[in-house]
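Under our numbering, the residue at position 63 of the sequence shown is numbered 64, and the numbers go up by one with no gaps.
In what follows, a structure is listed as structure tokens, so that the remarks can point back to it.
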Amino acid sequence: MLSPSPHATVLHAGRRTVLGLLIAAVLPLLLGVFGVGGLVTGRVTTEILIMVGVGALGVLMLVVAWRQRHQKIAADHTGLWVHNGRAQQVIQWESVAGIGVYYTAQAISLEVVPRGPANDRDPVLRALIRDDEPLAPELPRVRYRITLPQVGWRTLVEAVRRRSETHPSLLWCGQINYNPVMAALARRRSDRT
């Protein structure tokens with residue numbers, strides 16, 4: 002089985018996501034435990050039912066964290082390796098037309114624009130395909146969006162930028178502050194004309 006080189010820059014995105022979701026799930030789980038305790042004692046009130054519902058949300062957060070625990074992204078001389086916890090795929094540098102980083106107050110993502118059509122048959126890459134405003138006028142709209150954790154992403158992005166410099170046909174678009182509300186307004190204005 003192919004894998005990234007031993008010298009690859011690896012970002013264990015799943016570990017960081019798990020930690021954040023575990024911390025965020027503590028309060029909903031505690032409320033759920035108190036809610037279930039209230040149901041066991043026979044007191045069924047609206048507040049108790051809401052607490053049980055919030056507890057169910059905490060359990061859902063734990064399930065999501067557990068499923069994402071093995072996600073990682075690596076950059077090496079071959080390309081960008083994406084591992085979703087069950088399978089991995091490489092996006093080779095030769096197949097990339099452009100690459101950039103979108104960041105908002107809530108999320109950071111690595112935007113990888115393929116030269117040809119996006120691979121919608123591969124289960125790993127299919128989940129990453131997005132159709133959005135192009136990173137640059139000469140690039141197509143369809144691309145792979147790889148969500149990055151809030152912590153540790155700069156190391157991977159720097160490795161990707163360095164790798165892009167060795168491929169002159171690959172356009173490095175840099176970091177783009179993306180505001181989805183403004184993008185939707187611009188799209189609406191362009192649809193009118």
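Even glycine gets a Cβ: it sits at the ideal position worked out from N, Cα and C.
This one's a predicted model, so the numbers in the text were calculated from it and none came from an experiment.
Buried versus exposed, by CB contacts within 10 Å (16 or more), residue i
i, result
"Arg-164", "buried"
"Thr-105", "exposed"
"Thr-42", "exposed"
"Gln-72", "buried"
"Glu-112", "buried"
"Arg-144", "buried"
"Asp-132", "exposed"
"Leu-129", "buried"
"Gln-89", "buried"
Residue i (DSSP reduced to helix, strand or coil)
i, result
"Ala-88", "coil"
"Thr-156", "helix"
"Leu-3", "coil"
"Thr-42", "coil"
"Gly-117", "coil"
"Thr-10", "strand"
"Arg-122", "coil"
Supposed contact pair residue j and residue i - C-beta distance, whole angstroms, cut 8 Å
i, j, result
"Leu-136", "Ile-109", "Leu-136 to Ile-109, Cβ: 15 Å. No contact."
"Pro-150", "Thr-18", "6 Å"
"Leu-171", "Trp-94", "6 Å"
7 Å Cβ shell around residue i - same chain, five flanking residues per side excluded
i, result
"Thr-68", "First, the residue type needs correcting, since residue 68 is Arg and not Thr in the sequence shown. The residues are Gly-86."
"Leu-23", "Ala-66"
Sequence-distant residues of its chain with Cβ nearer than 6 Å to residue i (five each side left out)
i, result
"Gly-36", "Ile-49, Met-52, Val-53 and Gly-56"
"Trp-154", "Ile-109"
"Ala-160", "Thr-10 and Ala-76"
Cβ shell of residue i (< 8 Å), same chain only, five flanking positions each side left out
i, result
"Trp-173", "Gly-99, Ile-100, Gly-101, Arg-162, Ser-165 and Glu-166"
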